[in-house]
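Okay, so the sequence shown: first residue is 60 according to the numbering used here, each after it adds one. From the three backbone atoms N, C-alpha and C, an ideal C-beta is built for every residue, glycine too. In this text the structure is predicted, and so the values were computed from the model without any measurement.
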Amino acid sequence: AFRYADPGGANYGFARSTPTYDKGLLYTLGRRGQLFCLKADTGEQVWQRNLIQDFGGKIPQWNYASSPVVDGDRLIVAPGGPNANVVALNKLTGETIWAGGGTFEMAGYATPVIATINEVKQYLVHTGDALTGVRAEDGALLWQIPWKTSYGVNASMPLVESNYVFITSGYNMG
60 AFRYADPGGA
70 NYGFARSTPT
80 YDKGLLYTLG
90 RRGQLFCLKA
100 DTGEQVWQRN
110 LIQDFGGKIP
120 QWNYASSPVV
130 DGDRLIVAPG
140 GPNANVVALN
150 KLTGETIWAG
160 GGTFEMAGYA
170 TPVIATINEV
180 KQYLVHTGDA
190 LTGVRAEDGA
200 LLWQIPWKTS
210 YGVNASMPLV
220 ESNYVFITSG
230 YNMG
């Protein structure tokens, strides 16, 4: 077990994201931007970051909901901040490898997807108003497709097949 402060009242409940397990470590993202790496067998904290304080992230209307994603030695999260739409951290230490993904976009609710499109490894990230492709190597914005829904709700993970990306959502977008 691991407990941490969760300030503010319920906003349609509390927990939003699914913890991510990798090689004895558990990564959790709280609805208010609290990111933790824990030892899975004991619940002991290994490191901690905060998406708001560390990256200028702004909490979306229904709080953070995307899950952290492990990619090799990296942990990928989507704070939605000034040039920090996507962040790559060292999964063992929590140190920032890069922050990028273009100019400021409000964070979306979907978990980032790892994909190779046209032979370029990238992270696909739904922001509040767009789907973005960010180069995995350095966080550079590769492409962006406007995808504006009512209330900025982009909560569905994109599906990737070969060089094709399928996205969908509710809230009057389709």
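Proximity winner among the options, relative to residue i (alpha-carbon distances)
i	options	result
V224	W202, K207, N231	W202
P119	V219, Y210, S215	Y210
G67	V146, Y182, N122	N122
N132	F61, L183, E196, N222	Contrary to the premise, residue 132 reads as Asp rather than Asn in this sequence. If we check each option's Cα against that of D132, E196 comes out closest.
F73	E154, N144, L97, A124	A124
S5	Y230, E220, M216	As shown, the chain starts at 60 and ends at 233. That puts residue 5 outside it, with no answer to give.
L85	E154, S126, W157	S126
I173	F95, V128, K82	V128
C-beta contact flag for residue i and residue j at 9 Å
i	j	result
N142	F163	yes
P171	A137	yes
A193	G167	Note on residue identity: the sequence assigns Val, not Ala, to residue 193. The answer is no: Cβ separation not under 9 Å.
Q107	G153	yes
Cα-Cα separation between residue i and residue j, rounded to whole angstroms
i	j	result
Y71	M232	23 Å
A99	L200	34 Å
G160	G116	13 Å
D130	G102	22 Å
A169	V212	9 Å
E178	L151	28 Å
P205	A189	4 Å
T227	T191	14 Å
K207	G187	7 Å
Q93	L218	27 Å
V146	N222	23 Å
D65	G89	8 Å
I230	M165	Per the sequence presented here, residue 230 reads as Tyr, with Ile not at that position. For Y230 and M165, the distance between alpha carbons rounds to 17 Å.
Per-residue DSSP class, three states only, for residue i
i	result
I135	strand
Q112	helix
G192	strand
G167	coil
G235	No answer is possible for residue 235: the residues shown for the chain start at 60 and end at 233.
Y80	strand
Y123	coil
Y210	helix
I176	strand
I204	strand
K98	strand
Residue environment, residue i, which counts as buried when at least 16 other CB atoms sit within 10 Å
i	result
D113	buried
Q181	buried
G198	buried
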